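Protein chains in written order, with the working numbering: chain A, 19 to 243; chain B, 7 to 220; chain C, 29 to 261; chain D, 1006 to 1397.
Encoded as structure tokens, the structure appears first; notes follow it.
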Amino acid sequence: MSTADNTRAPDPFPAAGNISDDEREELRRHGILMTSLEELYNWGRSNSIWPIQFGLACCAIEMIAAATARFDIARFGAEIFRPSPRQADLMIVSGTVTKKMAPQVVRLWNQMPEPKYCIAMGACAISGGPFKQGYNVLKGIDRFLPVDIYIPGCPPRPEALLNGLMQLQKKIRGEHLTGPDAARHTRADVPGEFPVPTFGEHDLEPTRNPEVWTPPAPITRSGKG
Amino acid sequence: MESLEQIRDRLLARFPGASITLVTNPGPAAEHSLLLSAEHARKIAMFLRDDAALQLDYCSNATGIDWPDKEVVETKKVAVPDPAGGPDKVVEEKTTRLEPGYLESVYHLYSMALRHGPVVIRMRTVNRSNRVTLPSLTPVWRSCDFQEREIYDLYGIVFDGHPDLRRLLMWDEFKDHPMRKDYVEPDDFEWEPTPHGAVLDRAKTHYPAPEVKP
Amino acid sequence: MLGSGILKGLAVTAKNFVGSYHDPARMVTVQYPEERSKLPENYRSFPLLVCEDAADPMGTLRCVACQICEKECPPQCIYIEKSKDKKPDATGKPQLYPTVFAIDTSVCMGCGICAEVCPFDSIKMDQVFEVAATDRFTELLLNREQLAKPNSYYHSIHPTEAAEVDARLAAARLAAEEKAKAAAAAAAAKAAAAATAKPAAPAQPPSAPPTASASSTAPAPGAEAPKSYSRVS
Amino acid sequence: MIGTGSAPSPFGQLSGPTVRKVKDPFHGDLLEVSMGPQHPSTHGVFRMDVTLDGEVIVKLKPVFGYLHRNHEKIAENTSYLGSMPYTDRLDYLSSMSTNWAYALAVEKLAGLTVPDRAQYLRIILAELTRLVNHVCLVGFLFNDLGTSFTPLLYAFREREKIIDLFEALSGSRMMCNYQRFGGCRVDPTPEWLAAASRLVDNFPSFLDEYESMLTGNEIMLARTQGVGRLDPKHAINAGITGPVLRASGVNYDLRKVDGYGFYPRFDFRIPLGDHGDTYDRYMMRILEMRESVKILQQAFRELPAGPIMDPKAKLRGFRPKPGEAYGRLESPKGELGFYLLSDGSPNPYRYRVRPPSLINLTLLEEMCLGHTVADAVVILGSIDIVLGEVDR
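Structural data, given as structure tokens:
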């Protein structure tokens, strides 16, 4: 078992608890089902993610397609698209976020109760995508909101959305309720609501939320930059 | 449908004071257009809509075009008399002249009743800064309503007589007219991993300053 | 009768409900992670770079850094830097190669224009779509090592297209070889003529770039100036 | 708490509260409600500022721009070819028609011809797109009527079949990027054509099932008949086109009027309504789908062999001569036009989209006045807008 552990890539979202998955699996094979409150809680949450019914552009059609019979997001417990942010756990930012729309998106996020998660679906939501050179297009919703999962593609296939949702479920299952690496929503010092930008004369004010988004050092390469 | 020249002649006969110019389109589409002066445009539009032979009851498309000021360099050959008494020398003199730009609105008219078209009409403002008023054709064709608001928003042409002239696409506090050719976009090029061309120039302003070695 | 329309509609839904248990036309759900719908051959997601040899992907990239895709890419998500030296390409011609080839998949819209305009059949469209990431800056910016995929992989996703490309490249290689042979023969004849005229002079011009694979296909020196597609504008 | 309530928000407000009471000299107390931009039934990020007297609409102002993605500005900085994938994203439910409209305008601008086979392929794909669009529209319309998803599930089941065809042909489910100036990009295989032809032959039976589920429904009839009347005179003046105009009884379909492509060779009829209400607009879509099936069957029968690209057309370095052109066609939503102005450079000097979705909304206020909020949602649904095209 130890050799297997050495070769395996590190799990980005390690399972909760102090015993490893393998050990737990071993126990289960011996007829002992071990769980903790944390795990039960995460299991319940991860299998009933209710997204907000919130479509921005082209990707919204693929989001609807993911909810229909062929892809059937209900198999993941996420079929209940809530029209009200107050009842939703997940915001799927599906489409281009324009500067005119950005304050409303942030406001919707603020109205969602904790714990809440955000999936940036499609190139436009991640970075502005093909429209990022536009004067009215926000270059990525992560300038104002913390994004958990990015799903590139223009638009991503419904399967890709389901794949992203599974990653999110995995992330939720790996969250801790206590301890130093406790989940965001359990900590008082991490904000759950963010300032809503206002419309300025030339651009949004502010153009980004520095608490959420700081660009990495720009890549300067030898040839052109 | 009668040809555009015939329409122009008929219009000139009906509106003697108006200036109506035929603007030719050199492309293969050969959709020529009529340039109308602003004062008579609405009356002419009414006439085009109600005339029995034309009945252009449907304005399909209204759009703006920006023609910025441009510097025209003219070379003139001037003969300079030789002080030594020889033959005149021909010297090329270059003069630069600023040709004022203008904003233009273009309308594509069709007739649903007689199923013909298009008749293209266009109007021009005097300049791009302070005399940018054109008559609105919304009272003639309701379909210009949103399109003229869009032109006002993106180009800054003020349509006189429009019932509800507000910005259509951008927010109300916005000051610029982004579709103009000289519009400068807000600078949000902090993270450009694959820049080239114009984007590279913009992204470079965010690159760290080169270290100065003492 | 009032309500008959509603009843008729309910009959349809009832038929569908029952049918969803036995009628294949109404059982449409694909149980995604376990079973997948078959992707059509033409399906495209993100670009990839074709290389000839899986063991040495960076050495055998088909890309010659001509930067046509960089220029044509509508959202400008490709970044290329040309090499200073040259390596023989698929047809044996010495060509530049990209030292940096980056594609920002967080911007890419998968339109396929890069693959369409590529004159060297180097950039093609992949079919991988399960690329959800947790960090946009590091995971979604692909460099040439991540983009390079062997030709066998390309054959496995686009068999028809790849076969056409291979046939075209083989024809080009053959033509290049023949041209090289003809040029070599001409050069040899010239050298022979020169040797008869002036036996002492070294007849051999500077040798071709020494590469293992290109020994048979290396063009004769001076046969054709290597075409470097630098900055088409 | 942030948002609608009266409690002060620590993060500031938007430009106005979403619900407000106003005094009116004629109606007494009125309520101003902002419906949208995030609203489950506005088909995207569309906003209506509605003034209500009780539940009855006395004023309605549409607010646009929440999906203004600067398509025109970007296209003026991109090559002609580079704009083609962006046109997919204009009307993202019917990208093949939008592609064609743009290709049509460029071909007019540059004087290119299109080979016969490509003309037939374009008609096949445009009509398949019409099926996708209309079938989805009906699904969404019933969602707005309150049937909550069931008709949409049926619609998307059928849509997936057509979308699979698009994917097999062009490589992408929604963003086909298929048309090129002077032809099409990929020649379909005989298997593809057989599959498409089979699908089209089975489509009427789906439509029959769909109609027997929906058309006779008494609740639907009560909610749609006489709601949102649009009279033809105003509709023409307001530039309304497409099925919305034809539901008011105006016989104006560009497939017949302009006869672009090879449509004059096809035998089909234009359905017309008499009342111009929501029910007629719904029926117009159903009848148009039945006519599209006829066109498609004829196209599959007559599809000639041959090249699919004009040999004169070239992919890169495309520079049309200076001039301008306005190309338009009958997209599923109405008259979709592209106005292009070339100054001889590789990028268009002016690139303008004439969006049918936007202009069809011109009379939204008139159609909604006197109706309730729930009806406004249905009227909007029956106009069939796609925000990518409204705001561009």
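Cβ coordinates follow ideal geometry from the N, Cα and C atoms, glycine included.
Since this is a predicted model, take the numbers as computed values, not measurements.
Which residues of chain A have a Cβ atom closer than 7 Å to the Cβ of residue i, listed in chain order?
i                          : result
isoleucine 1079 of chain D : Phe149, Gln151, Gly152
tyrosine 60 of chain C     : Phe89, Glu177, Leu180
Is the shortest distance between the beta-carbon of residue i and the beta-carbons of chain A less than 8 Å?
i                      : result
cysteine 91 of chain C : no
leucine 18 of chain B  : no
Please report whether the beta-carbon of residue i lies at a distance below 8 Å from any beta-carbon of chain D.
i                       : result
leucine 30 of chain C   : yes
glutamate 80 of chain A : yes
glutamate 11 of chain B : no
threonine 69 of chain B : yes
valine 78 of chain C    : no
serine 142 of chain B   : no
glycine 73 of chain A   : yes
Roughly how far, in whole angstroms, is the beta-carbon of residue i from the beta-carbon of residue j, given that I think they are within contact range, below 8 Å?
i                          : j                            : result
leucine 1366 of chain D    : glutamate 1132 of chain D    : Rounded, the Cβ-Cβ distance is 25 Å, inconsistent with contact.
serine 142 of chain B      : phenylalanine 165 of chain B : 4 Å
cysteine 142 of chain A    : valine 165 of chain A        : The pair is not a contact, with the Cβ atoms about 13 Å apart (cut-off 8 Å).
asparagine 1352 of chain D : glycine 33 of chain C        : Their Cβ separation, rounded to whole angstroms, is 55 Å, which puts asparagine 1352 of chain D and glycine 33 of chain C out of contact at 8 Å.
leucine 168 of chain C     : threonine 133 of chain C     : 5 Å
isoleucine 108 of chain C  : leucine 175 of chain C       : Not a contact, Cβ separation roughly 11 Å.
glycine 1254 of chain D    : glycine 1281 of chain D      : 7 Å
Going along chain A, which residues have a C-beta under 9 Å from residue i?
i                         : result
cysteine 136 of chain C   : Ala141, Gly147, Pro148, Pro170, Gly171, Cys172
arginine 164 of chain C   : Ala138, Ile144, Ser145, Gly158, Asp160, Val165, Tyr168, Pro170
glutamate 1216 of chain D : Here the premise fails: no neighbours, minimum Cβ distance about 20 Å.
Checking contacts by CB at 8 Å: is residue i closer than that to chain B?
i                        : result
glycine 1021 of chain D  : Low confidence applies here, because glycine 1021 of chain D scores a pLDDT of 48, under 50, leaving its location unreliable; read the following figure in that light. No, glycine 1021 of chain D does not count as interfacial toward chain B.
asparagine 60 of chain A : no
arginine 160 of chain A  : Strictly speaking, residue 160 of chain A in this sequence is aspartate, with arginine absent from that position. No, because no Cβ of chain B sits closer than 8 Å to the Cβ of aspartate 160 of chain A.
tyrosine 1091 of chain D : no
Identify the contact partners of residue i in chain A, using a Cβ-Cβ distance below 8 Å as the criterion.
i                             : result
methionine 176 of chain B     : Lys118, Asn154
glutamate 158 of chain C      : Glu177, Ala178, Asn181
phenylalanine 1271 of chain D : Correct list: empty, because the minimum Cβ distance to chain A is about 29 Å.
Residue i lies in the alpha helix (DSSP H); which residues open and close that run?
i                         : result
leucine 73 of chain B     : Looking at the sequence itself, residue 73 of chain B is tryptophan, so the reference to leucine does not match. Note, tryptophan 73 of chain B: premise wrong, no alpha helix (DSSP H); beta strand (DSSP E) at 64-73.
arginine 1295 of chain D  : 1283-1307
isoleucine 34 of chain C  : 32-50
arginine 63 of chain A    : 55-64
aspartate 1396 of chain D : 1392-1396
proline 1237 of chain D   : 1237-1242
Which residues of chain D have a Cβ atom closer than 8 Å to the Cβ of residue i, listed in chain order?
i                        : result
asparagine 70 of chain C : Glu1172, Ala1173, Leu1174, Ser1175, Gly1176, Val1191
Quick one: give me the first and last residue of the beta strand (DSSP E) that residue i is part of.
i                          : result
proline 102 of chain C     : Looking at the DSSP string, proline 102 of chain C is not in any beta strand (DSSP E), and its letter there is neither H nor E.
glycine 1332 of chain D    : 1328-1336
serine 1347 of chain D     : 1339-1347
isoleucine 1079 of chain D : Run containing isoleucine 1079 of chain D: none in the beta strand (DSSP E); it sits in the alpha helix (DSSP H), 1076-1081.
cysteine 79 of chain C     : 75-79
proline 1030 of chain D    : It is not in any beta strand (DSSP E) - proline 1030 of chain D carries neither H nor E in the DSSP assignment.
alanine 209 of chain B     : Segment 204-210 is the alpha helix (DSSP H) holding alanine 209 of chain B; no beta strand (DSSP E) there.
aspartate 132 of chain C   : 126-132
Can you name the residues of chain D whose CB is closer than 7 Å to the CB of residue i?
i                      : result
proline 101 of chain A : Pro1045
Do we get a CB-CB distance below 8 Å when we pair residue i with the residues of chain C?
i                          : result
aspartate 90 of chain A    : yes
alanine 234 of chain A     : The question names alanine, but residue 234 of chain A in the sequence shown is proline. At least one chain C Cβ lies under 8 Å of proline 234 of chain A.
methionine 109 of chain A  : no
isoleucine 1129 of chain D : no
alanine 106 of chain A     : no
Using a cut-off of 8 Å between C-beta atoms, extract the partners of residue i located in chain B.
i                        : result
glutamine 104 of chain C : Thr200, Pro201, His202, Gly203, Val205
glutamate 98 of chain C  : His202
Counting contacts by CB-CB distance shorter than 8 Å, is residue i in contact with chain G?
i                        : result
threonine 196 of chain A : Absent from the structure: chain G. Protein chains present are A, B, C and D.
Which bits of chain C does residue i rub up against, with CB to CB less than 7 Å?
i                        : result
glutamine 185 of chain A : Ala160
Can you give, in chain order, each stretch of the beta strand (DSSP E) that sits fully within the segment 161-234 of chain C and has at least 3 residues? With a minimum length of 3 residues, the continuous beta strand (DSSP E) runs that stay inside the segment 161-234 of chain C are 176-178.
Quick one: which unbroken alpha helix (DSSP H) runs of 4-plus residues sit fully inside the segment 158-198 of chain A? Chain order, please. Within the segment 158-198 of chain A, the complete alpha helix (DSSP H) runs of at least 4 residues are 176-191.
Within the segment 104-182 of chain B, ranges of the beta strand (DSSP E) (whole runs, at least 3 residues): Runs of the beta strand (DSSP E) inside the segment 104-182 of chain B: 108-117, 122-130, 139-141, 164-166.
Of all the alpha helix (DSSP H) runs that stay within the bounds of the segment 1123-1196 of chain D, which reach a length of 4 or more residues? Taking only runs of at least 4 residues, the alpha helix (DSSP H) segments lying wholly in the segment 1123-1196 of chain D are 1155-1175.
Where in the segment 82-159 of chain A do unbroken runs of the alpha helix (DSSP H), each at least 4 residues long, occur, reported from the N-terminal end onward? For the segment 82-159 of chain A, the continuous alpha helix (DSSP H) assignments of 4+ residues that do not extend past its boundaries occur at 120-129, 141-145, in sequence order.
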